[in-house]
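Data first, discussion second: the structure below is written as structure tokens.
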Amino acid sequence: MNLVYASPMDTRTDIDIPTLKADLKRERATLLHDAELTAGERATVKLDQTTVGRLTRMDALQNQAMQLETERRREVALARIEAALVRIAQDEYGYCVSCGEEIAAKRLSMDPATPLCIECAAHAVHDTGTPPS
Ligand SMILES: [Zn+2]
Numbered sequence: 680m681n682l683v684y685a686s687p688m689d690t691r692t693d694i695d696i697p698t699l700k701a702d703l704k705r706e707r708a709t710l711l712h713d714a715e716l717t718a719g720e721r722a723t724v725k726l727d728q729t730t731v732g733r734l735t736r737m738d739a740l741q742n743q744a745m746q747l748e749t750e751r752r753r754e755v756a757l758a759r760i761e762a763a764l765v766r767i768a769q770d771e772y773g774y775c776v777s778c779g780e781e782i783a784a785k786r787l788s789m790d791p792a793t794p795l796c797i798e799c800a801a802h803a804v805h806d807t808g809t810p811p812s
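Number 784 in the numbering used here belongs to position 105 of the sequence shown; there are no gaps in the numbering.
Shown next as structure tokens:
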């Protein structure tokens, strides 16, 4: 009688999933911590504007745009991490979500949250996998 696997994919044995999982959780904690810090900064900037009035309107708008962009990137990063943790829980971690091929161990060690193999990342219109570096 043949073994029947619950998942069509086997768990990768060439990557250290517990370590990668710990990395993901640490990164998530850092991002959440940063989010709290910037929430405080935002409040401070607002106060300065009204009481001191040092920032020009242009500076204020630029500042705000930068903060929103930072926040957006952080949310994307958090979503990637959450998704990677879900894939670990479902024994699908380490496989490209697009083509199903194994993601290179080296790529995962550099970016444990990446959902795409290098091929798919290269062809993706907007790669949610890897932030530009
Ligand atoms: Zn792929």
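Even for Gly, the Cβ is constructed at its ideal location relative to N, Cα and C.
Please read these numbers as outputs of a predicted model, since none were measured by experiment.
Asked	Found
Distance cut-off 7 Å: GLU781 Cβ against heavy atoms of ligand 1	no
Reduced DSSP category for GLU706 - H, G, I as helix; E, B as strand; rest coil	helix
Minimum C-alpha distance to CYS778 - residue among ALA763, SER788, ALA803, ARG707	ALA803
LEU764 and LEU711 closer than 8 Å at C-beta	no
Three-state secondary structure (DSSP) of ALA750	Before going further, note that residue 750 is Glu rather than Ala in the sequence given. Helix, per DSSP.
Buried versus exposed, by CB contacts within 10 Å (16 or more), ARG759	buried
Separation of LEU716 from LEU747, as counted between CA atoms	14 Å
Among THR735, ASP695, GLN741, the one whose alpha carbon lies nearest that of MET789	ASP695
Three-way DSSP call (helix, strand, coil) for GLU715 in this model	helix
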